[in-house]
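In this note's numbering, the protein residues as written are 2 to 391. Even glycine gets a Cβ: it sits at the ideal position worked out from N, Cα and C. Since this is a predicted model, take the numbers as computed values, not measurements.
See below:
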């Protein structure tokens, strides 16, 4: 039986809501970098190591999560995953030492690994015909919406109570949505077999391989920005942690708008080539904005303007990235292909934040942002190669 277009959009909305709740949990740690630095007496590079621990747990679990989504269907895996995210978020707030904080962060990442394989599979199955790029962009708004909400919630609660309380509120919200999701979402059945994804066919797909390679550099830029926006505003601009959290939240809000706009434009241009074209334009613009940060130095107004631009461009590009990725592979390979693409994004994020922190401790933030600008240019070059192959 054919699902109506309004029913398809409801499905997209439910999946986007799940992504928002999941991102609210995971990205709470990025909003709390200032509090963690103070509570545990960390250097900037050790803050980066903590973020890397969370990302490492996320990355190593992607292919098992992709296999579970393809085998059992996305609904049960996503419902259980959201409850696990809530539990791991509470675990971070109770960590008594830096070593256990690393463990808690890694477990948070493991739980979040369900997100991209599950939600991408749900969007591919449920999106209205001809609107897949917009639907994927709307789903990806859940990432920026969840991250932005986490920035405001964690820093806002910390202004009147202990920062840990914000994490507990996040966990409660995630559990409530998990129950609602289990009740209202139908989902697409899985194959019934839990098997390791077949990667041979994906390796021979040159467009997919180039896109995954581009994802490495896009991820490096995204996670560097996520990890150090709050600290940059605090250390260079001289504003409070709360202001830094508001700037980070602003990047997520405009990132949401960027994902919707990018998806709409990609649908008009058509297919994977349209998505690659839009992603390329966003990466080129982001590289220029990162270069501006090299010489900015202390102006809150200019800093906010640049980070807002980066929200539209670099944070706004992941929706079309996943749309393009989904378009260049067969439907049966969505889980494995998404796991591969997200692994590349995460790999960039694993390496970049600690390196960024080390550069900050040496030459300073200007050189660190120059490094990110160069990384973004490399990603743009690979996206250009993807576009030529489509």
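Starting from residue i, trace the alpha helix (DSSP H) in both directions and tell me its first and last residue.
i: residue 99; result: 99–113
i: residue 140; result: 133–159
i: residue 206; result: First-last for residue 206: undefined, no H or E at that position.
i: residue 280; result: 272–296
i: residue 235; result: Neither: residue 235 is in no alpha helix (DSSP H) and is coded neither H nor E.
i: residue 30; result: 29–32
i: residue 366; result: 366–390
i: residue 78; result: 75–95
i: residue 360; result: 335–362
i: residue 124; result: 116–127
i: residue 324; result: 319–328
i: residue 172; result: 164–185
i: residue 55; result: 45–61
i: residue 306; result: 301–314
Given residue i, which residues of its chain have a CB within under 6 Å of its CB, disregarding the five upstream and five downstream residues?
i: residue 293; result: 307
i: residue 10; result: none
i: residue 370; result: 291, 294, 295
i: residue 119; result: 70, 75, 78, 79
i: residue 186; result: 15, 76
i: residue 214; result: 383
Pick from the options: whose alpha carbon is nearest that of residue i?
i: residue 278; options: 380, 89, 158; result: 380
i: residue 210; options: 343, 62, 350; result: 343
i: residue 300; options: 341, 173, 239; result: 239
i: residue 349; options: 188, 156, 264, 60; result: 60
i: residue 52; options: 93, 80, 22; result: 93
i: residue 87; options: 78, 64, 227, 112; result: 112
i: residue 257; options: 119, 317, 21, 181; result: 317
i: residue 166; options: 91, 227, 118; result: 91
i: residue 114; options: 377, 191, 64; result: 64
i: residue 266; options: 95, 85, 320; result: 320
i: residue 21; options: 250, 341, 146, 248; result: 146
i: residue 219; options: 280, 38, 391, 174; result: 280
i: residue 377; options: 171, 311, 363, 337; result: 311
i: residue 164; options: 70, 225, 38, 305; result: 38
i: residue 85; options: 171, 273, 227; result: 171
i: residue 36; options: 110, 81, 228, 176; result: 228
i: residue 1; options: 361, 276, 168, 23; result: Not covered by the structure: residue 1. The range shown for the chain is 2 to 391.
i: residue 168; options: 361, 67, 23; result: 23
i: residue 285; options: 222, 337, 262, 271; result: 222
i: residue 19; options: 283, 174, 67, 282; result: 174
CB-CB under 7 Å to residue i, same chain, minus the five flanking residues each way: which ones, in chain order?
i: residue 2; result: Here the model assigns residue 2 a pLDDT of 35, short of 50, so the residue's position is not dependable and the matter cannot be decided.
i: residue 335; result: 121, 122, 125, 327
i: residue 17; result: 139, 140, 142, 143
i: residue 233; result: 366
i: residue 236; result: none
i: residue 359; result: 46
i: residue 13; result: 124, 127, 128, 136, 139, 140
i: residue 351; result: 53, 56, 57, 60
i: residue 230; result: 245, 248, 249, 252, 308
i: residue 204; result: 210
So residue i and residue j are in contact, right, with Cβ under 8 Å, and what is the actual spacing, rounded?
i: residue 259; j: residue 184; result: Not really, about 32 Å apart at Cβ, beyond 8 Å.
i: residue 134; j: residue 330; result: In fact, because the Cβ distance is near 16 Å, the residues do not count as touching under 8 Å.
i: residue 117; j: residue 182; result: Going by Cβ atoms, the distance from residue 117 to residue 182 rounds to 16 Å, so no, they are not a contact pair.
i: residue 157; j: residue 355; result: Going by Cβ atoms, the distance from residue 157 to residue 355 rounds to 28 Å, so no, they are not a contact pair.
i: residue 303; j: residue 309; result: In fact, because the Cβ distance is near 11 Å, the residues do not count as touching under 8 Å.
i: residue 411; j: residue 25; result: Residue 411 lies beyond the stretch modelled for the chain, which goes from 2 to 391, so this question has no answer here.
i: residue 76; j: residue 216; result: 26 Å between Cβ atoms; not a contact.
i: residue 288; j: residue 353; result: Contact doesn't hold; Cβ gap of about 15 Å is too wide.
i: residue 225; j: residue 357; result: 5 Å
i: residue 391; j: residue 273; result: 5 Å
i: residue 89; j: residue 109; result: 4 Å
i: residue 67; j: residue 337; result: 6 Å
Please classify residue i: is it buried, with 16 or more other beta-carbons within 10 angstroms of its beta-carbon, or exposed?
i: residue 269; result: exposed
i: residue 44; result: exposed
i: residue 4; result: Confidence at residue 4 is low in this model, with a pLDDT of 47, below 50, so its placement is unreliable and the value that follows should be read with caution. Flag for residue 4 reads exposed.
i: residue 324; result: buried
i: residue 347; result: buried
i: residue 155; result: buried
i: residue 34; result: buried
i: residue 339; result: buried
i: residue 254; result: buried
i: residue 264; result: buried
i: residue 341; result: buried
i: residue 388; result: buried
i: residue 384; result: buried
i: residue 148; result: buried
Spatial neighbours of residue i within its chain, please: CB distance less than 8 Å, with the 5 preceding and 5 following residues excluded, ordered by chain position.
i: residue 106; result: 30, 51, 52, 54, 55, 58, 93
i: residue 131; result: 268
i: residue 413; result: The structure shown does not extend to residue 413, since the chain is modelled only from 2 to 391, so the question has no answer here.
i: residue 160; result: 243
Tell me whether residue i, by its Cβ, gets closer than 6 Å to a heavy atom of the ligand GDP.
i: residue 147; result: With respect to the ligand GDP, the structure offers nothing, as it holds no ligand at all.
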